[in-house]
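For reference, the structure is listed below as structure tokens.
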Amino acid sequence: MTLHTFVIYVEDRPGVLNRVSSLFRRRAFNIESLSVGHSETPGVSRMTVVVATDAGGAARIGAHLWKVVHVVRVEDISEQPAIVRELALIKLAADHANRAAVMQLAHVFHARVVDVAVDSLVIEICAPEDKVSRLMDVLRPYGIIETVRTGRVAMARGSSAPSLAGLGEMTAAQEGLSYSV
Amino acid sequence: MKLTGAEILWECLVREGVTDVFGYPGGAILPAYDAMLNYPVRHTLVRHEQGATHMADGYARATGTVGVAIATSGPGATNMVTGIATAMMDSSPIVCITGQVGSRLIGTDAFQEIDITGITLPVTKHNYLVASACDVASTVREAFLIAKSGRPGPVLIDITKDAQQSSAEFDWDAATPRVPGWRTAPPLDPRALSAAAQLINTARRPVILAGHGVMISGAERLLRDLAERAHIPVATTLLGIGGFAASHPLNVGMMGMHGEAWVNLAIQEADLLIACGMRFDDRVTGNVRTYAPSARKIHIDIDASEINKNIPVDVALIADLSDALGHLLEQVGPNDRAGWLARIAEFKGDSAVRDIQSLPDNGHLYAAHVINDLWRTTGSADTIVVTDVGQHQMWEAQYYHHDRSRSLITSGGLGTMGFAVPAAIGAKRARPDAEVWAVVGDGGFQMTMCELATAVQDGINIKIAVINNGFLGMVRQWQEFFYGRRYAATPLSGPDFVALARSFGIDARAVTARGAVVPAIEAARALDAPTLIDFRVEQEDTVYPMVPAGADLHAMIRRPNPIVETAAD
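Protein chains in written order, with the numbering used here: chain A, 1 to 181; chain B, 1001 to 1569.
Take a look at the structure:
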């Protein structure tokens, strides 16, 4: 079991998130994280879904996703070099006594302080998930009041963007299914 | 041309080639029903919306064309769910149309409002909520494209009442389906093709596993060519029956839980399995860890998500079966495989030549005899048998020998009791010249027997053989084998089926003796009207052989020997 990251392009239609997420439930896969937003193409949204499964499970998820009518492209980018980021906001108890220490820690993690109140502050970090988690760990002793994490977004490195011009064509990963002797 | 949404619906259905719909009216679908009267479509009024979906399904399976069911919102729509799921599991192309409350009432728990697109999401290939007359045409066209292309399946269109009532410009051409994500199978990979051909050419003990896909793809002829050229025995799944003639010397029979022993033994001893349009269902494989342990596997299926799902395979061809077989035939050479065919004949022993007809009449009436007699009487005619689910279904698969494609219609994947009578009505609508028999247990019959009224009102000439053993027989059999004969809730009473049928205006008779079976069937055939025969068969009869669920495929419970109380071969 490893974490697989799927980049899924979907038509921007009512209920499409439900169609995709319901598929994972229906096929008994557990979503670790899911994020959705607009893609570079109008009318097409981009999802990043992270699932813990083995290689066979990942292949099946890919094949099932292809069958969802409003899915226009699927890629499992787990094996590719990719930029993976998560955005987190962390609200922390901090007053004049420890504010400076907290801000210094944030600085070390390249995080920013985006709100300061008398007895609290909010730190914003955009980083790979493990770095976000480590920042949480070092901040925890100060008293975390509230956190929000977006879940993983990912993009393959290099210029090989998954062109939407090839809509309807299967990916190399899926073609790989057809030949394995 | 300005038309109402309801009129656009029928314009599109007619242009899609629809001549028959099965349905039940109600408030939210009334505008569509009103418009229907102006279009050349024959409507069959069902008695329950589940029946409408099974009829559409039977219609689709009998011909391969899309079947259409129509119902109102709320309970009308929810009653369709079982039939939709049945079609989904068996890859049957149907389009279900449901009325929905007015678009401004959606989300308010209005009278007969239900989220049917939400409910049917996992049991449809795709579904739509149409809230504007402008969207009706493109949606209907998309729905038909999706239902019948690739691996077929059910599509539901939920149309709000205001979308049916309001008007929009109707332009058939402008409504051409545009589905960016829709894709057909990729071009065949030539490396996979030659690898598959190489495996076939070098295999010593190959078996073809023929599934429903053979008929869906229209690949019957190509499959026969492949089997004959390379002398490869063919085993069929339950839904694959008919795709390869039962009387063909290379047809070894049905595989799986109630497959004949020699079929399963051949699979277990094979060195190559060529799976054609089948999906290695658990009822076919038994224990997957011990399944065909020494066989390489080639899997040809149009649905990529079936590859490596249950059984890991060596070569996969994701393709329309006809396309794949056509290309494979170019590379597969002749081979007589005499040794392997002799080995399978050895597995058969004398069981293949024993004939249940030669068993002495011991005064009991056995279901297997009834079904075998039905085959002897109707098998050479253009007959479609539609079965329900349970023991009689397995006996039908074993003792009715289907030589023609689409001559057996049965609920396999979902195992839906109550399927037979409505699906037979649908099949008869699709194939009016065929003789259509519903073979149904007394349990399943009581689930949808209301549709007898449908057959009478619309003059649909189906023949019904009730295999009446006073038990939920297959469940009773499991209780006998696995629950120490504790018959919890399986003894089943029923009405006098003969009197019941007559009360509907249906000709009916009961049969209790073996000698009366054929005359009753002949009498039913002679009548140009629906007929029912109540075959009162042995109560505690058992389907053999049986691979217990999850057991090794070769670990069958065999027929008792000597055969005393069963009608086994």
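Every residue, glycine too, gets a C-beta built ideally from N, C-alpha and C.
Selected residue, minimal CA-CA separation from residue i, among the options
{"i": "GLN1477 of chain B", "options": "B:PRO1075, B:LYS1161, B:VAL1547, B:GLY1253", "result": "B:VAL1547"}
{"i": "GLU1011 of chain B", "options": "B:ALA1028, B:PRO1040, B:ILE1116", "result": "B:PRO1040"}
{"i": "ALA1465 of chain B", "options": "B:TYR1483, B:THR1454, B:ARG1485, B:GLY1444", "result": "B:GLY1444"}
{"i": "ILE1216 of chain B", "options": "B:SER1405, B:LEU1341, B:VAL1389", "result": "B:SER1405"}
{"i": "LEU1492 of chain B", "options": "B:ALA1526, B:ALA1453, B:ILE1506, B:MET1447", "result": "B:MET1447"}
{"i": "MET103 of chain A", "options": "A:VAL74, A:ASP76, A:LEU135", "result": "A:LEU135"}
{"i": "ARG60 of chain A", "options": "A:PHE24, A:SER45, A:VAL44", "result": "A:PHE24"}
{"i": "TRP1262 of chain B", "options": "B:TRP1340, B:ILE1318, B:ASP1189, B:LYS1297", "result": "B:TRP1340"}
{"i": "GLU1269 of chain B", "options": "B:ILE1318, B:PRO1206, B:PRO1249", "result": "B:PRO1206"}
{"i": "ARG99 of chain A", "options": "A:TYR142, A:SER159, A:HIS4", "result": "A:TYR142"}
{"i": "HIS4 of chain A", "options": "A:MET155, A:VAL72, A:GLU79", "result": "A:GLU79"}
{"i": "VAL183 of chain A", "options": "A:HIS38, A:ASN18, A:VAL49, A:HIS96", "result": "Residue 183 of chain A lies beyond the stretch modelled for chain A, which goes from 1 to 181, so this question has no answer here."}
{"i": "GLY1150 of chain B", "options": "B:TRP1182, B:ALA1062, B:THR1124, B:PRO1122", "result": "B:TRP1182"}
{"i": "GLY1413 of chain B", "options": "B:SER1092, B:VAL1021, B:VAL1066", "result": "B:SER1092"}
{"i": "ASP1388 of chain B", "options": "B:VAL1370, B:TRP1395, B:ALA1420", "result": "B:ALA1420"}
{"i": "THR1454 of chain B", "options": "B:GLN1164, B:GLY1426, B:ARG1431, B:ILE1311", "result": "B:GLY1426"}
{"i": "PRO1495 of chain B", "options": "B:ASN1469, B:ALA1520, B:VAL1475", "result": "B:ASN1469"}
{"i": "ALA1342 of chain B", "options": "B:ARG1204, B:THR1236, B:ASP1442", "result": "B:ARG1204"}
{"i": "LEU1365 of chain B", "options": "B:TRP1437, B:LEU1321, B:ILE1467, B:ARG1283", "result": "B:ILE1467"}
Bounding residues of the alpha helix (DSSP H) (the contiguous stretch that carries residue i)
{"i": "HIS967 of chain B", "result": "Summary: the structure shown does not reach residue 967 of chain B, with chain B confined to residues 1001 through 1569, and so no result is reported for it."}
{"i": "TYR1487 of chain B", "result": "Here TYR1487 of chain B belongs to no alpha helix (DSSP H), and DSSP marks it neither H nor E."}
{"i": "TYR1544 of chain B", "result": "First-last for TYR1544 of chain B: undefined, no H or E at that position."}
{"i": "GLN80 of chain A", "result": "No alpha helix (DSSP H) contains GLN80 of chain A, which DSSP labels as neither H nor E."}
{"i": "ARG149 of chain A", "result": "No alpha helix (DSSP H) holds ARG149 of chain A; the beta strand (DSSP E) holding it covers 144 to 149."}
{"i": "LEU1452 of chain B", "result": "1452 to 1457"}
Partner residues on chain A for residue i, Cβ-Cβ distance less than 9 Å
{"i": "ASP1122 of chain B", "result": "In the sequence as presented, Asp is not what sits at residue 1122 of chain B; that position holds Pro. The contacting residues are SER22, LEU23, ARG25, ARG26."}
{"i": "ALA1210 of chain B", "result": "The premise fails here: ALA1210 of chain B is roughly 20 Å from chain A at the closest Cβ pair, so nothing lies under 9 Å."}
Per DSSP, the bridge partner or partners of residue i
{"i": "ARG134 of chain A", "result": "According to DSSP, which records beta bridges pairwise, ARG134 of chain A is partnered with nothing at all."}
{"i": "TRP1437 of chain B", "result": "B:VAL1385, B:LYS1463"}
{"i": "MET155 of chain A", "result": "A:ILE83"}
{"i": "PRO9 of chain A", "result": "Contrary to the premise, residue 9 of chain A reads as Tyr rather than Pro in this sequence. Paired residue(s): A:ARG46, A:ARG73."}
{"i": "SER33 of chain A", "result": "A:VAL50"}
{"i": "CYS1276 of chain B", "result": "B:ALA1210, B:ILE1300"}
{"i": "GLY1067 of chain B", "result": "B:ILE1094"}
Reduced DSSP secondary structure (H/G/I, E/B, other) of residue i
{"i": "HIS1248 of chain B", "result": "coil"}
{"i": "HIS1231 of chain B", "result": "coil"}
{"i": "MET1254 of chain B", "result": "strand"}
{"i": "LEU1239 of chain B", "result": "coil"}
{"i": "LYS1463 of chain B", "result": "strand"}
{"i": "LYS1309 of chain B", "result": "coil"}
{"i": "ILE1506 of chain B", "result": "coil"}
{"i": "LEU3 of chain A", "result": "strand"}
{"i": "GLN174 of chain A", "result": "The predicted model places GLN174 of chain A with a pLDDT of 46, which falls under 50 and marks its position as unreliable; any figure quoted below should be read in that light. GLN174 of chain A falls in the helix class under three-state DSSP."}
{"i": "ASN1468 of chain B", "result": "strand"}
{"i": "ALA47 of chain A", "result": "It is worth fixing the name first, because residue 47 of chain A is Met in this sequence and not Ala. MET47 of chain A: strand per DSSP, three-state reduction."}
{"i": "VAL1475 of chain B", "result": "helix"}
{"i": "VAL1155 of chain B", "result": "strand"}
{"i": "GLU1169 of chain B", "result": "strand"}
{"i": "HIS182 of chain A", "result": "The requested residue 182 of chain A is not part of the displayed model; chain A covers only 1 to 181."}
{"i": "GLU1113 of chain B", "result": "coil"}
{"i": "GLU1565 of chain B", "result": "Bear in mind that a pLDDT of 39 at GLU1565 of chain B, under 50, signals an unreliable position, so the number given afterwards is only what the model happens to contain. Three-state result, GLU1565 of chain B: coil."}
{"i": "GLN1398 of chain B", "result": "helix"}
{"i": "ALA1138 of chain B", "result": "Correcting the residue type first, residue 1138 of chain B is Ser in the shown sequence and not Ala. DSSP places SER1138 of chain B in helix when its eight states are reduced to three."}
{"i": "VAL1518 of chain B", "result": "helix"}
{"i": "THR1004 of chain B", "result": "strand"}
Proximal residues of chain A, C-beta to C-beta of residue i below 7 Å
{"i": "HIS1126 of chain B", "result": "VAL69"}
{"i": "ILE1146 of chain B", "result": "VAL69"}
Interface residues of chain B facing residue i [CB-CB closer than 8 Å]
{"i": "ASN18 of chain A", "result": "GLY1118, LEU1121"}
{"i": "GLU11 of chain A", "result": "PRO1180, GLY1181"}
{"i": "VAL72 of chain A", "result": "PRO1180, GLY1181"}
Residue i, enclosing beta strand (DSSP E) - first and last residue
{"i": "ALA1266 of chain B", "result": "Here ALA1266 of chain B belongs to no beta strand (DSSP E); instead the alpha helix (DSSP H) covers 1261 to 1269."}
{"i": "HIS1043 of chain B", "result": "1042 to 1045"}
{"i": "ALA1430 of chain B", "result": "Per DSSP, ALA1430 of chain B belongs to no beta strand (DSSP E); it is in the alpha helix (DSSP H), 1420 to 1430."}
{"i": "PHE1022 of chain B", "result": "1020 to 1023"}
{"i": "THR1531 of chain B", "result": "1531 to 1536"}
Contact list for residue i against chain A, beta-carbon separation under 8 Å
{"i": "ASN1573 of chain B", "result": "With chain B represented from 1001 up to 1569, any question about residue 1573 of chain B goes unanswered, as that position is not in the structure."}
Contact test: residue i Cβ vs the ligand ATP heavy atom, cutoff 7 Å
{"i": "ASP1020 of chain B", "result": "This structure simply doesn't include the ligand ATP, nor any ligand for that matter."}
Per-residue contacts from residue i into chain B (C-beta, under 7 Å)
{"i": "GLU124 of chain A", "result": "Residues of chain B passing the Cβ test: none, with the nearest at roughly 35 Å."}
{"i": "HIS38 of chain A", "result": "Under the 7 Å cutoff, chain B gives no residues; its nearest Cβ is about 16 Å from HIS38 of chain A."}
Chain-ordered chain B contacts of residue i [CB-CB under 9 Å]
{"i": "HIS4 of chain A", "result": "None at all; the shortest Cβ gap to chain B is about 16 Å."}
Below-8 Å beta-carbon distance, residue i vs any chain D residue
{"i": "ALA1488 of chain B", "result": "Going by chain labels, chain D is absent from the structure shown, which instead holds the protein chains A and B."}
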